[in-house]
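Report on the following structure.
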Ligand code: SF4
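Numbering (my numbering), first residue to last: 1 to 311.
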């Protein structure tokens, strides 16, 4: 059994075991973040559309979820910005109605939250994790390299409006890039912006896997301590577990996983409930065949797919 729009499950610190649903083609986004683990954005857009067939995504979800695998979340994420897909709300409602054992999460950059239809779709998720890395246009431009028509203040207003009416759990994720958005001035501005987003929990992220730009660095520990103080960052979430995945070639499943998210051998072993040696055996021919490369990072050796899925 092969899957085009569903991938994982992916172990997540905050969501436990999460099945990914990718509603856009690689790499379709309204931003081109310097730290993006999917690589550079090739389709920079603000247009909502049916980037992948809604029917196909629903069929794959039913196929994966019908046997009742042990999962915590079904999460919209993957090769770009999920809210660009106009069927997001429909797919979320389908999962909730047909597979009520699973929670629905949305990972979004919130850039389209100024639109009421996007806010309505996002509100279908039990958990929304929205990223917000900048409070000033200059830093927004440097870190997120947005579509030229995007207005940061409009986007923040949309996120604040969403937060005010949202019944689920909202997280705001701030990704810190050393020397860019970790200055005292930007952190204070971010802290002020966060006061406009009620009930949101704040989480700080830094690079721990290969990103788009090699110059992206993690801020120094003393800066991170100041960040905690200013932005009240907290982390939580159940530890990652394991779930038997669907059938299909193991190499293909690994490729589908690391195309969206570079991973270590340990990440893959945890996600697929396999022995580390078995994971290495599956990865070896992929590396030798040139479809996967290995990159050394502080957290270990990451496996990254060289070729993106076809657009
Ligand atoms: S990190 Fe997210 S928002 Fe930024 S370019 Fe990548 S997919 Fe888009």
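All residues carry an ideal CB built from backbone N, CA and C; glycine is no exception.
Assigned exposure category for residue i - 16 Cβ within 10 Å defines buried
i	result
residue 121	buried
residue 129	buried
residue 66	exposed
residue 103	buried
residue 16	buried
residue 83	buried
residue 301	exposed
residue 29	buried
residue 310	Interpretation of residue 310 is limited by its pLDDT of 41, a score under 50 that renders its predicted location unreliable; the figure taken from the coordinates is listed afterwards. Counting Cβ neighbours within 10 Å, residue 310 comes out exposed, since fewer than 16 surround it.
residue 225	exposed
residue 53	exposed
Closest by C-alpha distance to residue i, when choosing among the options
i	options	result
residue 164	180, 200, 179, 83	200
residue 106	183, 162, 74	74
residue 143	63, 72, 215	215
residue 108	186, 81, 140	81
residue 281	265, 52, 273	265
residue 76	251, 91, 184	91
residue 273	8, 303, 148	8
residue 231	197, 210, 46, 263	197
residue 279	87, 296, 257, 299	257
Proximity of residue i and residue j at Cβ, strictly below 8 Å
i	j	result
residue 255	residue 212	no
residue 23	residue 32	no
residue 158	residue 119	yes
residue 101	residue 168	no
residue 46	residue 149	yes
residue 218	residue 206	yes
Residue range of the unbroken beta strand (DSSP E) whose run includes residue i
i	result
residue 18	16-21
residue 84	Looking at the DSSP string, residue 84 is not in any beta strand (DSSP E), and its letter there is neither H nor E.
residue 301	300-305
Boundaries of the alpha helix (DSSP H) in which residue i is found, first to last residue
i	result
residue 159	152-165
residue 108	Here residue 108 belongs to no alpha helix (DSSP H); instead the beta strand (DSSP E) covers 103-108.
residue 64	54-65
beta-carbon residue i near the ligand NAD non-hydrogen atom, thresh 7 Å
i	result
residue 32	Within the structure as shown, the ligand NAD is missing, the only ligands being the ligand SF4.
At which residue ranges does the segment 176-237 contain complete beta strand (DSSP E) runs of 3 or more residues, listed in the order of the chain? Within the segment 176-237, the runs of beta strand (DSSP E) at least 3 residues long that lie entirely inside it are, in chain order, 201-205.
Output the residue ranges of the alpha helix (DSSP H) runs that lie fully inside the segment 115-143 and measure 4 residues or longer, sorted by chain position. 116-122
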